[in-house]
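Asks: I'd like to ask you about the structure that follows.
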Amino acid sequence: MGLFSKKSENNTENTKTVEEKPKEETPQVGLFKIYSVTTVKHRFMLLLGAIAAAVAGASSPLMTVIFGKMVDTFNIYGSGGSTKDQFQADINYYAVFFIYLAIVVFVCTYIYMSTFQWVGAKSTHKIRNLYLQSLLKQEIAWFDNIGSGEVTTRITNDTSLVQSGISEKVALIIHDICTFISAFIIAFTANWRLSLILFCIVPAIGIIIGTMVFFGLKYVTSSLEKYSIAGNTAEECFSTIRTVAAFNLQNKMGKRYDGLLVKAQKDAVTQSLIFGIGISGMFFFIYCGYSLTFYYGALLIGWNLGSIGSIVNTLFAIIIGAYSLGSVSPNMESITKAQGAAAKLFQCIDRVPEIDSSSTKGLKLDQVKGDIEFRNIKFSYPSRKDVQIFENFSLNIKAGQTVALVGASGSGKSTTIQLLERFYDPDSGEVVFDGHPIKDLNIKWYRRQVGLVAQEPTLFNGTIADNVAAGLFGTPLFDAPKEKQMEAIIEACKHSNAHDFISNLPLKYETQVGERGFLLSGGQKQRIAIARAIIRNPRVLLLDEATSALDTKSEVLVQKALDHVSKDRTTIVIAHRLSTIRNADLIVVVEKGKIIEQGTHESLLKNPEGAYFKLVKLQGFAKEAQEDDDGEDEIFKAIATKRTATHRSEKFAEAFPTNTQGSNVGEEAAEVAKTWGFFNLAFKVISLNSKEWKSYVLGALGATILGLIYPILSILLAKVIVALNYSPPKLYSEANFWSLMFLILALAAWGSTFCQMYFFGSSAQLLTSRLRSSVFKHLLQQEIGWYDRKANSTGALTSSLSTDAQDIQGLSGTTLGSILQVFANIVGSIIVGLIYGWKMTLVCCATLPILLYTGYYQVKIVQGFDEENKNAYSDSAELACEAASAVKTVTSLTQEEFVCYRYNKIMQVPLRSNFKKAFYSSAVFSFSRSIEFLCSALAFWYGSQLVKNGEYDFGQMFTVFSAIIMGAGSACRVFAYIPDIYKARKAAAAIFNLTERTPLIDSTEDSPGKVLPIDNSAKPIKGYIEVESAHFSYPTRPGARVLKGVSFEAHPGQFIALVGPSGCGKSTIISLLERFYDVNKGSVKVDGIDIRDYHLPSLRTHMALVSQEPSLYDMTIGENIAMGARNDNEPVTQQQIESAAKQVNLHNFIMNLPKGYETSVGSKGAQLSGGQKQRIAIARALIRNPSILLLDEATSALDAESERIVQDALDSASIGRTTIAIAHRLSTIQKADLILVFQQHRIVESGTHQQLLNKKGFYFEMVNQQNLEVGH
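Numbering-wise (full-length UniProt numbering), the sequence shown opens with residue 1 and increments by one.
This is the structure:
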């Protein structure tokens, strides 16, 4: 394929910033931009909701007008100006207005809460869909710098932040701003002189809010971006968990992940500092306004320019207005986070791709022949422009020809396929299809003329039938009846030699294949991928090592099928097994991006000095196997009769028991999630912040003081109103004193608000980072069987890792601070009320049970609907992650629209649920808001009774009223936090259930068992392996046995080869040796000790694994090789890395790259060819210097020359260590000390190469099918 991307990161602790890679500037996004995705209908709903919020907000200060009238009524009554009856009539008259206001507020609140919540849910739904649509239409080059983990984080965590910010939070801000505006209008009406003076604080508050939002948004966006990059690392680890476990990478990856989190954490803490400074400054000016109001109001009364009632009216209007402005801050923080999250989403949504896979432009040819021409192609990958792949590359392929491309790994073979698929456009020159440059053709139409089978086949989580039917998208059969589709699916599977093993599965074509097809063996995945490619009957067939993962028998049958389907269509084959392309019409030898030789197999073999001749000689099949034994056919027939076609995958057996129900027996076996109490959870969350106990103390102190300021304010207000009745000069002296008290209160509000916002906010950010780190490390310690469960897919785990850690802030941070503040306010208000008038306090507190039940009911509503949505969010995250990680497969199948359709269909469930939740929960919230006014009516009415009866004076009654009303207002505002609190509770329970789970196979450093020294020089492991009567079935499907009494021994230093058809149990042996699983019956021993009795990490230290599909990480070449080091505490030297690279014939290639070993390999090694990835994986294993070497098709992706060099290196490396190798290329294991032949999950033959040939059994047949020379 091609080479590398620009990004470079260090190995573990010292991670270089991923931001070093070129990136497009992220524009800031406003609310109007976010709401631009809505329809006219939804905009009308927003307008209606905004009007309702404005009316509800404007209604609140009207209470001060009534209050001012009541104050005048009390003053008139107190001075003897009215009778008791007149006084009571006036109070009753004004109390009724509170009830009217309660009704207005209930109706308007219901309208604005329900409309904004519904439109917020609908908008977020649309944004999710738009993001996925835009993502999948981007050119492949764009994905070189975007990992699937980042995509998962964006489409789950970031969209969740957007929904939280654009739903009711916007309406609440409109409500609070309109309250502020209405309050100032009322204040101006009551006393314009006083209001005009007070208006000077508004610009100051506006400047503070604007500055806070500007800088806050910058750091919010930056922290979210860095968290998404950390999500890439997490996704890489989850999707390659077997490699992580085999190489004990848990600690290394944990440190790497922590390094990325630290960068995001710094930005998040800075964000808390900005909000702390901004909001505390805002409160300071608000309380200074109170001081100024009273001081100047007293002067106006002394100058006869205002009445006590008008001054009190103005004062309370300003208090309510300022209080509402203070309520803007937490909601503004949510909106700022939503804007920061939306920035990256809309950057993708608005991006115009260079190659638009959704474009409707371009030609659609009436007749398709299949002529292909590469004209003077010059090309280098966009992510590595300094490495030239092609320079004036030209090749002409006639319609119907089968053309094979051969050559060393990295020579440019796969690049031709990527250019043909139009994954990339050449820098100059053009690719021509039937006389038309492919740039001029409609891209979807063109790609549907091409069928691709990649070297590493990607299947999607679904049934076998679904995966094969994916090739039908865009064809008439896609919309055909199910019966017609199944006929085509079965026919395609017969051609790819997949039908037999599928037919013998309990659920046949309805069998689930698992995430990325992990429930299938490599060969079975490849055969289904071939069926998917040929089902659409393409005019052009592209086969990139299409049979590399197949066993010998399957390869022969599939190759015949491919030869058959290649007739009458243009076929381009990339192959390292030259036996598969000997019948090609044209063989093209490519070296370093240039064609050095071309011709037919026979013509090229005539040149003994030619490159192709040398390749053929290296593979040793120039002579066909010749056997003159007349009885051979009879032997083959006998073998065939003994054999069944039920080669069930060792991994399929995991998924599909012999019963026909297909039930998830054992899926979540015996694990029941612990039920956590709310306070228990809250305590555990806070305990995780124990290192920040000083911050918690300061934050709690600030929140408590800020909460107590309100009841203190009620006392001061009562004193002020009494003082306003004095005459000068006492009026002025009282004004000076109480104004100073308000100023002191302003300083207290400033300090306490800063402490609450900054210390709680920063602690919450540290908690989020700590939880991400802890959860990530616990996830990596779980046994492999846990990852096999459907609920634990890569997408679901990546999503929950980010969203749960973010959601848990609902039990900490600003939410916790606000709850403590409200609690202190309520307690303080009740205490003040009881001190100044216990009767009135108890009557008003009678409404508290109603409020508490309202809160409980709202929690139940939120809980019920969230449970409905749980699976949908998990499934949608899995789908998005799967599509992003397999974007080339999605693109080649032109399945972008279908993936988006499936995603939209899944998300319809939470959309409908959110619709119902918006209307149910809004009713409860609206009721809680209207209670405040009803409580005011009750308080004033009952207080007037006490004053009339002479039990209270006006100052006493007013103090209680102010305290209780402010307490009730705070209690009502708690309900706004209920959704966040519930999400936090759910997230905390999920996190603690995981972190307290004990893995069934403990791979932690603290695990029990015999500990082996890291140093291998003393040979703590000799490498004597015994597998005794091993019976095994996978944990998720215990009903199907994979190994049936397998026994064998491997003596120290022996080379043991496992051969047999795909799905017979070979890879399971490797998994058991690595102790990914434990046997159900029998034992696996190393040096005479059951591996269950070893300390697992130290045992794995002396093993090394090379998998069939190598897993690399988004870091440099050198760092990937160094990942194999056995000791985390001793740095790997450059000399060791280079030595390992030289052994696998990779050093010279690396040194020719501009950055050498510092060159990044891209996400999952995407910028490397298959052979290059495989060689790095082998180098990673060799640098480990293991006692036991496990090779699962280790050289399957290599070209002939590299295979010979690497095989020599492996042969050399095998000396002195025990090697277990799985191989389909039998030429690689001829020197094995013992070859074990697997059939039907048992060992049916064993011996050396020559011994097995002499038996003329299963092995003999396989050798003949590979055209190897058979010796006697």
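By construction, the Cβ of each residue, glycine as well, lies at the ideal position given by its N, Cα and C atoms.
In terms of DSSP beta bridges, what is T402 paired with?
Replies: For the purposes of this step, residue 402 is identified with residue 402 of the sequence shown, where counting begins at 1. Bridge partners of T402: T571.
Asks: With contact counted as at least three CB pairs below 8 Å, one residue from each stretch, are the stretch 1064-1077 and the stretch 1142-1161 in contact?
Replies: no
Asks: From what residue to what residue does the alpha helix (DSSP H) around E896 run?
Replies: In the sequence shown, counting from the first residue as 1, residue 896 sits at position 896. Taken as a continuous stretch (DSSP letters only), the alpha helix (DSSP H) holding E896 covers E896 to K948.
Asks: Quick one: what does DSSP say D427 is sitting in, helix, strand or coil?
Replies: In the sequence shown, residue 427 corresponds to position 427, counting from 1. Coil, per DSSP.
Asks: Between the alpha carbons of V202 and F285, how many angstroms are there, rounded?
Replies: By 1-based counting over the sequence shown, the position of residue 202 is 202. By 1-based counting over the sequence shown, the position of residue 285 is 285. V202 and F285 have their C-alpha atoms roughly 9 Å apart.
Asks: Report the start-end ranges of each alpha helix (DSSP H) in the stretch 717-790 that is 4 residues or longer and not cut off at the edges.
Replies: 730-754, 761-781 and 784-787
Asks: Express the C-alpha separation of S687 and F67 in angstroms, rounding to a whole number.
Replies: Counted from its first residue, the sequence shown places residue 67 at position 67. Counted from its first residue, the sequence shown places residue 687 at position 687. Straight through space, the alpha carbons of S687 and F67 are spaced by roughly 46 Å.
Asks: Please name the residue or residues paired with residue 1289 in a DSSP beta bridge.
Replies: Absent from the model: residue 1289. The displayed extent of the chain is 1 to 1272, so no value can be given.
Asks: Would you mind working out which of G80, R154, V119 and K69 sits nearest V40, comparing C-alpha positions?
Replies: In the sequence shown, the residue the question calls residue 40 occupies position 40. Nearest C-alpha to V40: V119.
Asks: Whole angstroms are fine: how far does the CA of R912 sit from the CA of A298?
Replies: Reading the sequence shown from its first residue, position 298 is the one you call residue 298. Reading the sequence shown from its first residue, position 912 is the one you call residue 912. Between A298 and R912, the C-alpha separation is close to 57 Å.
Asks: Check the DSSP bridge columns for A1104 and list the partner residues they point to.
Replies: Start at 1 with the first residue of the sequence shown, and residue 1104 comes out as number 1104. For A1104, which the question treats as bridged, DSSP gives the partners L1189.
Asks: Are L820 and G677 closer than 8 Å when you measure CB to CB?
Replies: Within the sequence shown, numbered from 1, the residue matching residue 820 stands at position 820. Within the sequence shown, numbered from 1, the residue matching residue 677 stands at position 677. Their beta carbons are not under 8 Å apart, which means L820 does not touch G677 by this criterion.
Asks: From which residue to which residue does the alpha helix (DSSP H) around R985 run?
Replies: Here the question's residue 985 lines up with position 985 in the sequence shown. Unbroken alpha helix (DSSP H) run through R985: I978 to T995.
Asks: Starting from the N-terminal side, write out each stretch of the beta strand (DSSP E) that is 3 residues or longer and does not extend beyond the stretch 1043-1115.
Replies: 1043-1050, 1055-1059, 1081-1086 and 1103-1106
Asks: Exposed or buried, S695, counting other C-beta atoms within 10 Å across all chains shown (16 or more means buried)?
Replies: Start at 1 with the first residue of the sequence shown, and residue 695 comes out as number 695. So S695 ends up on the buried side.
Asks: Hey, could you find the ends of the beta strand (DSSP E) D544 is sitting in?
Replies: On the sequence shown, residue 544 is found 544 positions in, with the first residue counted as 1. Element bounds for D544: V540 to D544.
Asks: Going straight from the alpha carbon of Y296 to that of F679, what length do you get?
Replies: Taking the first residue of the sequence shown as 1, we reach residue 296 at position 296. Taking the first residue of the sequence shown as 1, we reach residue 679 at position 679. One C-alpha to the other measures close to 48 Å.
Asks: With DSSP as the reference, identify every bridge partner of L395, one or two as the case may be.
Replies: Against the sequence shown, residue 395 aligns to sequence position 395. According to DSSP, which records beta bridges pairwise, L395 is partnered with F374.
Asks: Within its chain, find whatever has a CB closer than 7 Å to the CB of F961; leave out the 5 residues flanking it on each side and keep chain order.
Replies: As a working mapping, residue 961 is identified with position 961 in the sequence shown. Correct list, in chain order: A939, F940 and G943.
Asks: May I have the straight-line CA-CA distance separating S496 from E373, to the nearest angstrom?
Replies: To locate residue 496, count along the sequence shown from 1; it is residue 496. To locate residue 373, count along the sequence shown from 1; it is residue 373. S496 and E373: Cα-Cα distance of roughly 28 Å.
Asks: Between the C-alpha atoms of R128 and L47, what's the straight-line distance to the nearest angstrom?
Replies: In the sequence shown, residue 128 corresponds to position 128, counting from 1. In the sequence shown, residue 47 corresponds to position 47, counting from 1. R128 and L47: Cα-Cα distance of roughly 23 Å.
Asks: Under the rule that 16 or more other beta-carbon atoms within 10 Å means buried, what is D90, buried or exposed?
Replies: The residue given as residue 90 occupies position 90 in the sequence shown. D90 comes out buried.
Asks: Since V827 and I715 are thought to touch, with beta carbons under 8 Å apart, how far apart are those beta carbons, to the nearest angstrom?
Replies: Working through the sequence shown from its first residue, we reach residue 827 at position 827. Working through the sequence shown from its first residue, we reach residue 715 at position 715. Their Cβ separation, rounded to whole angstroms, is 15 Å, which puts V827 and I715 out of contact at 8 Å.
Asks: Helix, strand or coil for H1272 per DSSP?
Replies: Start at 1 with the first residue of the sequence shown, and residue 1272 comes out as number 1272. Because the pLDDT at H1272 is just 38, under 50, the model does not fix this residue reliably, and the value given afterwards should be weighed accordingly. Looking at H1272 - three-state DSSP - the assignment turns out to be coil, as it is neither helix nor strand.
Asks: My parser needs the beta strand (DSSP E) runs of 3 or more residues fully inside the stretch 113-154; what are they?
Replies: none
Asks: Touching or not, the stretch 982-990 and the stretch 329-349, by the rule of three or more beta carbon pairs under 8 Å?
Replies: Touching, no.
Asks: For E235, list the residues DSSP reports as bridge partners.
Replies: As a working note, residue 235 is residue 235 in the sequence shown. Answer is none; E235 lacks a bridge partner.
Asks: Would G254 and K777 be called neighbours here (beta carbons separated by less than 8 Å)?
Replies: Sequence index remark: in the sequence shown, residue 254 carries index 254 (1-based). Sequence index remark: in the sequence shown, residue 777 carries index 777 (1-based). Going by C-beta atoms, G254 is nearer than 8 Å to K777.
Asks: Could you check where the alpha helix (DSSP H) with T293 kicks off and where it finishes?
Replies: Here residue 293 is taken as the residue at index 293 of the sequence shown, counted from 1. First-last of the alpha helix (DSSP H) with T293: Q250 to G302.
Asks: With the cut-off set at 8 Å, would you say L1096 and S1007 are in Cβ contact?
Replies: Looking up residue 1096 in the sequence shown gives position 1096. Looking up residue 1007 in the sequence shown gives position 1007. S1007 sits close to L1096, with the two beta carbons spaced by under 8 Å.
Asks: Tell whether a beta-carbon distance below 8 Å holds between A533 and V453.
Replies: In the sequence shown, the residue the question calls residue 533 occupies position 533. In the sequence shown, the residue the question calls residue 453 occupies position 453. Yes, the pair counts as a contact, with Cβ atoms nearer than the cut-off.
Asks: Residues in its own chain within less than 6 Å of I173 by CB, not counting five upstream and five downstream?
Replies: The count along the sequence shown starts at 1 and reaches residue 173 at position 173. Closer than 6 Å at the Cβ level, and outside the excluded window around I173, lie V328 and N331.
Asks: Return the CA-CA distance between L604 and L615, expressed in angstroms with no decimal places.
Replies: For the purposes of this step, residue 604 is identified with residue 604 of the sequence shown, where counting begins at 1. For the purposes of this step, residue 615 is identified with residue 615 of the sequence shown, where counting begins at 1. Cα to Cα, L604 sits roughly 11 Å from L615.
Asks: What's the gap between the Cα of G435 and the Cα of G149?
Replies: Here residue 435 refers to the residue found at position 435 when the sequence shown is read from its first residue. Here residue 149 refers to the residue found at position 149 when the sequence shown is read from its first residue. Rounded to whole angstroms, G435 to G149 spans 41 Å at the Cα level.
Asks: So Q598 is in the alpha helix (DSSP H); what residue range does that whole segment cover?
Replies: Here residue 598 is taken as the residue at index 598 of the sequence shown, counted from 1. Note, Q598: premise wrong, no alpha helix (DSSP H); beta strand (DSSP E) at K594 to G599.
Asks: Only counting the same chain, and skipping five residues up and downstream in sequence, which positions put a Cβ closer than 8 Å to that of A531?
Replies: Residue 531 sits at position 531 when you count from the first residue of the sequence shown. Once the five neighbours on either side are set aside, the close Cβ partners of A531 are V468, G471, I489, A492, C493, H495, S496 and A498.
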